[in-house]
Amino acid sequence: MALAVLAVGLSVSNKIHKADLRITSLTFALGREDRLEKLQRQLRQEIGRLTRDAERGTKVPDASWNDLHKRITEFKNRSQQTGQSPDYRSQLGSEAAQDEKRASTVFVMVSDQLIETSRSNPSGIKAAMPRFLSALTALETSRSQARQELTSAIWKAADKNRRESRRDIISVLLGGLVIVAIVFGMTVWLRQRLVLPISTVAARLREFRVGENHGNIPGLERADELGDLARGLNEYRNAVESRRTAERRAEFLANHDMLTGLANRLLFENRLSHELARSARTGDIVAVFAIDLDAFKAINDRLGHAGGDRVLKRTAQLLSSCVRGDDLVARIGGDEFAVIQVARAQPAATEALISRIFKMASTSSDEGVAIKMSVGVALSEPGQAGDELHELADLALYRAKADGKNTARIYNKHLKDEESQRVRLARDLENAVSAQELRLVFQPIADTVSLEIVAYEALLRWRHPGLGEIPPDVFIPIAESSGLIGTIGSWMIDQALRAASTWDSKVSLAINLSPIQFRSLSLASEICDAALRWRVAFDRLELEVTESATLLGFQRDDVLATLEKLREYGAKIVMDDFGTGHSSLSNLKDFTFDKIKIDRSFVATMHSHASSASIVKATIGLGKSLGLTIVAEGVETEDQLSALCRWGCDQVQGFLTGKPVESLADAKCSPAFNK
Ligand code: C2E
Ligand code: CA
Ligand code: CA
């Protein structure tokens, strides 16, 4: 490119130089013409002066004539040179040059003749003069012609030079423009093809370094070296990306539960200690929720392992949908879940989350299985360690389970005291049977109309050596959760039948059976054996169960089969606590009960709450239509008794007709009702 520009420049300057030379040589030729003319004029004047002197008869010295002759010869030489000058000829038309040459030759010849005449015969001057004048005129005319032509040639050359210069400048300018355009185009092209792709590749690599991997690497399809570079980098990026994916996957697996995708115990513990450390700075309060599915084992038994997994997944979704984005839901193991909730406004935030969880759980029923769970929550205190907080949440969970499940408890100091009391009772209960601290009391169940005692319900009592009487509402759940209920239940069945063997054979024995006792498949034969042992007819037995035994309980079908077997032997099956959360109408369609016990809470409030009265009346009506015996428990007043009598209730049980007593001698119905 630079060479082209240089060549154009050289050619232009060469042209300008040539044009200058031409003009110079023409100007030079013109100058020469001027000098010739001047010479010629001097010659003419000299010739005129000498010839005039000679004509007048004045003696003209020979030297003057010789001098004149010499000057004419010089003029001749000069004119001949002019005519022969290559410059002159090349610049002028040959005709004008030839004309001038011829005219000067004639002029020189005629001048010589006139001088000759003047020297030899001055009288002949007059006759010779016209020829001289005409030669002079011809010479002047031809010279003027030649000068004109020279002037015009100079003008033309200058004009041509000017035009060519302008054209050359325009060409140079255009050439320059073209070069600038080409350079610009090449720059743009280079930028587009090389610089931009390279900087995009660099940008992608930089993004990739910080973990972003969105954009494509440009130029992958190119066949050149840049394409090679792009492909190489792409391969490198893919290799690193797949290694990163594998690392992320490994990290995810290390921190998450495979089944539900929730955080696992490891992540939970790490996050908990992190949040506790942070809360020390921020003043926030960390709430740990310990969550356990109620009756998950029963669900597993009913739906199989895959069904159990589905319920766990649903639970995970349910919990995740209840929490905020920055809370953590984890599966700790089995059917145990946990949530970390960090908030300033506690316990308000905890209570709100609990109500969201239970609201959501109440509407979540799939495959006929509603998700029911117990929740225990503990709120952090300054300086508390993560595992300690989790333990307290577990303690609250334990309490929620002991309080009937499907509920939540928030840990407090009082709960801790209760818990240590519970631990103590659980420990002491182990020896209660062997230490003969347990005993049975019997509460009469009477016919509503005749008030005749038709049965006695056996109720457990525990006199603790240090703490005195412990109510069964307290120690039965402990016995259930610690597994002692099996031993205690067996002892109780034996003792109750032993007592019943001494009673009037028309009076029945009501025994309470805990759902846990049904875990023993030999329950039916155990009762059967005890009845045979004490010779109590099977049709005198009434076995009281709650819904937790029949619906939620362990191995539902087995429970129902056991009940069915007992029924076949002749025992009556009673649904206890009917109308409460533990018993409901749904049980009635799955199993044929013989008797329904209306829970004492309805009886107690039936005169103060219209709804309680309605439930009592409706239950009595239901029993009649199904042919079941209806018992009302907790009857304390005569008003209650007369209302129940009016509504057609079959049997009553309560302090009015008899409190639980140690021996039947004390267990007669109150004389007032013993008609
Ligand atoms: P339950 O089966 O509903 O027993 C009736 C409870 O109501 C007894 O309380 C009894 O004392 C009480 N009661 C009876 N009449 C009245 C009344 O007029 N007013 C009031 N306020 N209460 C009355 P107890 O003996 O404290 O038993 C509580 C619960 O403990 C029982 O409720 C039963 O669920 C459980 N339980 C008692 N003994 C046994 C047992 O041997 N085995 C099992 N599995 N559970 C038992
Ligand atoms: Ca009962
Ligand atoms: Ca009851």
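Numbering (numbering that gives the first Met the number 0), first residue to last: 0 to 674.
Using N, Cα and C, we set each Cβ at its ideal position, and we do this for glycine too.
Only a predicted model underlies this, so the values are computations on that prediction, with no experimental measurement involved.
Item: Going by the DSSP bridge assignment, what does A377 pair with across the sheet?; Value: V287
Item: Given a cut-off of 8 Å on the beta-carbon distance, is the pair W461 and I452 in contact?; Value: no
Item: Name the two residues that bound the continuous beta strand (DSSP E) containing N511.; Value: 507-511
Item: Count Cβ pairs between the stretch 273-283 and the stretch 332-342 that sit closer than 8 Å; are there 3 or more?; Value: yes
Item: Can you list, in chain order, the residues of its chain whose CB lies under 8 Å from that of T140, leaving out five sequence neighbours each side?; Value: A102
Item: Between the C-alpha atoms of G552 and N299, what's the straight-line distance to the nearest angstrom?; Value: Bear in mind that the predicted position of G552 carries a pLDDT of just 47, short of 50, making it unreliable; the figure below should be weighed with that in mind. Distance between the alpha carbons of G552 and N299: 12 Å.
Item: Mind checking who G332 pairs with in its DSSP beta bridge?; Value: E335
Item: Mind listing, in chain order, the continuous alpha helix (DSSP H) runs of no fewer than 4 residues lying wholly within the stretch 237-288?; Value: 264-281
Item: Spatial neighbours of G82 within its chain, please: C-beta separation below 6 Å, excluding the five flanking residues on both sides.; Value: Unreliable positioning characterises G82 in this predicted model, as indicated by a pLDDT of 49, which lies under 50. The coordinate reading is nonetheless provided below. Around G82: A96, K100.
Item: On the premise that R270 lies in contact with G332, defined as a C-beta separation below 8 Å, what is that separation, rounded to the nearest angstrom?; Value: G332 to R270, Cβ: 16 Å. No contact.
Item: Going by alpha carbons, who is nearest to M491 out of R518, I477, L439?; Value: L439
Item: Three or more C-beta pairs closer than 8 Å, one from the stretch 10-22 and one from the stretch 178-186: is that the case here?; Value: no
Item: Just to confirm, does G653 get its C-beta within under 7 Å of one of the non-hydrogen atoms of ligand 1?; Value: yes
Item: Could you spell out where the beta strand (DSSP E) holding F568 opens and where it closes?; Value: The question names Phe, yet the displayed sequence has Tyr at residue 568. Careful: Y568 lies outside any beta strand (DSSP E), inside the alpha helix (DSSP H) at 555-568.
Item: Would you call the stretch 398-416 in contact with the stretch 618-631, where contact means no fewer than 3 C-beta pairs closer than 8 Å?; Value: no
Item: Does ligand 3 have even one heavy atom less than 7 Å from the beta-carbon of D291?; Value: no
Item: Indicate, with yes or no, if ligand 3 has a heavy atom lying under 7 Å from the CB of K678.; Value: Past the boundaries of the shown model lies residue 678; the chain is included only from 0 to 674, so the question cannot be answered.
Item: Return yes when the Cβ of G385 is within less than 8 Å of the Cβ of S678, no when it is not.; Value: Past the edges of the chain, shown from 0 to 674, lies residue 678, and the structure says nothing about it.
Item: Please name the residue or residues paired with P443 in a DSSP beta bridge.; Value: Y455
Item: Are there any heavy atoms of ligand 2 lying less than 7 Å away from the beta-carbon of D575, as far as the coordinates show?; Value: yes
Item: When the Cα atoms are used, what is the spatial distance from M108 to A157?; Value: 38 Å
Item: Closer than 7 Å: is that where the CB of E543 sits relative to any heavy atom of ligand 2?; Value: yes
Item: Helix, strand or coil for V368? Go by DSSP, reduced to three states.; Value: strand
Item: Using C-beta distances below 6 Å, list every residue in its chain close to P121, excluding the 5 sequence neighbours before and after it, in chain order.; Value: A53, E54
Item: With the cut-off set at 8 Å, would you say S513 and G488 are in Cβ contact?; Value: yes
Item: What's the gap between the Cα of A249 and the Cα of M257?; Value: 12 Å
Item: In terms of residue numbering, what span does the beta strand (DSSP E) encompassing V544 cover?; Value: 540-544
Item: Measuring CB to CB, does L459 end up less than 8 Å from L428?; Value: no
Item: Can you give the Cα-Cα distance for R77 and S170, rounded to whole angstroms?; Value: 44 Å
Item: Could you check if G303 is buried or exposed, using at least 16 other CB atoms within 10 Å of its CB as the buried criterion?; Value: exposed
Item: Using the DSSP secondary-structure output, state which residues sit across from R438 in a beta bridge.; Value: R460
Item: Taking Cβ positions, are F267 and A337 nearer each other than 8 Å?; Value: yes
Item: How close, in whole Å, do the beta carbons of I370 and V310 come, if the pair is a contact with beta carbons under 8 Å?; Value: 7 Å
Item: Which whole runs of the alpha helix (DSSP H) in the stretch 164-211 are 4 residues long or more, in chain order?; Value: 195-208
Item: Given this structure, state the Cα-to-Cα distance separating A570 from L542, to the nearest angstrom.; Value: 7 Å
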